[in-house]
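Chemist: What follows is a structure written as structure tokens; I'll ask about it next.
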Ligand SMILES: Cc1cc2nc3c(=O)[nH]c(=O)nc-3n(C[C@H](O)[C@H](O)[C@H](O)COP(=O)(O)OP(=O)(O)OC[C@H]3O[C@@H](n4cnc5c(N)ncnc54)[C@H](O)[C@@H]3O)c2cc1C
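Numbering (this note's numbering), first residue to last: 103 to 477.
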């Protein structure tokens, strides 16, 4: 049997938030890490995301919270506005990384990936782009991994961090399909209006919209569209369609609508969730991040779970003699938190689809409370 403290070689599939965080956490513990990433260098899908307090806390443990705050936009409040345009609530989130630093940050995805990649490479992690894993023999120790460039690795640990549509899941025989909920999320990159110093959420009759600052100069508008078909729209239709969907919203959304100028600045994705109900590990292989548990974006908790997974995985590997025992302990420690977040996110989506936004807010707040607890 491989001993965690002897053969510390890991192959990670996917250089997203989970894969890069795990790579950094493992490299800090002396592991030699290689990442197989299907996408090209510098690719990052989507415009931006909100790093909530738990994400910042986990990034702080990797020594990266300040770099993310410098690249992004620190903030501490969520302002909720009802369908008549009246502010109904101002949520002040706890400052989990200290009273002098903000509670959360908006950040452009490419900026977040730059911070994570630079740190991974500084610690000696090798990132191979446009490469994937085509075959795994999970029962062998070390794990035998064949890459799409025809080369083979024998690693003490294989980590599947290849997102909600993970192909590693299938290779390990842990297949589960993402759940689709009849909602689409829209994002549009816009100049940050001077009044937007925190997150704004606007309840509409048919969906929710809002704004997240990403930097001094940029923000993204978001909109959740209910009852939407999972069809692909021609690129040129994205901006006009989003402007139409924003039209019924009152208040400041009128101003934001005017800022959605070009279709290149707009992305539209289905709301998907996913949870591997059984074991996330097989032999010396394990799934992390969205590959194991993907909440709906409404919780803004997916990135926190992804970074925490990397930290907890490295910790458990440091505690156990065998990789297999460490992976069992890892999955056991993470299961309840991740399952609760995914299941609550599905309940939030259902309430939004029933146009019961006010009933959904307490569930969103319960996600923030759950995630504020230590990982
Ligand atoms: C619209 C939207 C908005 C969101 N907003 C937020 C937010 O504000 N805050 C938040 O915390 N979370 C948010 N999330 C969730 C968050 O983006 C995810 O939880 C997080 O990115 C998960 O990280 P990951 O590394 O597991 O997966 P991903 O970020 O999906 O990364 C997977 C990586 O694996 C690569 N890959 C895929 N397949 C293969 C393969 N076969 N071989 C090799 N590489 C592969 C991909 O190219 C990618 O680089 C949002 C999600 C969506 C869809």
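Cβ coordinates follow ideal geometry from the N, Cα and C atoms, glycine included.
Buried or exposed, going by whether 16 or more other CB atoms sit within 10 Å of the CB of residue 254?
Modeler: Label assigned to residue 254: exposed.
Chemist: In the structure shown, what three-state DSSP assignment does residue 103 receive?
Modeler: Interpretation of residue 103 is limited by its pLDDT of 42, a score under 50 that renders its predicted location unreliable; the figure taken from the coordinates is listed afterwards. Residue 103: coil per DSSP, three-state reduction.
Chemist: Hey, residue 259 and residue 386: beta-carbon distance below 8 Å or not?
Modeler: Against a cut-off of 8 Å, the Cβ pair of residue 386 and residue 259 comes out as a contact.
Chemist: When DSSP builds the beta bridges, which residues end up paired with residue 418?
Modeler: Paired residues: none, contrary to the question.
Chemist: Taking the straight line between their C-alpha atoms, what separation do you get for residue 382 and residue 444?
Modeler: Answer to the nearest angstrom: the Cα atoms are 15 Å apart.
Chemist: Got a sec: does ligand 1 put a non-hydrogen atom nearer than 7 Å to the Cβ of residue 303?
Modeler: No, since every heavy atom of ligand 1 falls outside the 7 Å radius drawn around the Cβ of residue 303.
Chemist: What would DSSP say about residue 249, mapped onto helix, strand or coil?
Modeler: Strand.
Chemist: Is it the case that the Cβ atoms of residue 164 and residue 126 are separated by a distance below 8 Å?
Modeler: For residue 164 and residue 126, yes; Cβs fall inside 8 Å.
Chemist: Kindly confirm or deny that the region 223 to 232 and the region 132 to 139 touch, where touching means at least three C-beta pairs closer than 8 Å.
Modeler: Yes: at least three Cβ pairs fall under 8 Å.
Chemist: Quick check on the DSSP output: the alpha helix (DSSP H) that includes residue 468 runs from which residue to which?
Modeler: Element bounds for residue 468: 459 to 474.
Chemist: Kindly indicate the opening and closing residues of the alpha helix (DSSP H) around residue 122.
Modeler: Run containing residue 122: 119 to 130, per the alpha helix (DSSP H) assignment.
Chemist: Do the region 299 to 309 and the region 165 to 184 make contact, defined as three or more Cβ pairs closer than 8 Å?
Modeler: At 8 Å Cβ cutoff, the stretches touch.
Chemist: Quick check: what's the CA-CA separation for residue 106 versus residue 172?
Modeler: Bear in mind that the predicted position of residue 106 carries a pLDDT of just 49, short of 50, making it unreliable; the figure below should be weighed with that in mind. Going from the Cα of residue 106 to the Cα of residue 172 covers about 36 Å.
Chemist: Mind checking residue 247: buried by the 16 CB within 10 Å criterion, or exposed?
Modeler: Buried is the call here.
Chemist: In chain order, which beta strand (DSSP E) runs of at least 3 residues are fully inside the region 373 to 408?
Modeler: Taking only runs of at least 3 residues, the beta strand (DSSP E) segments lying wholly in the region 373 to 408 are 387 to 389.
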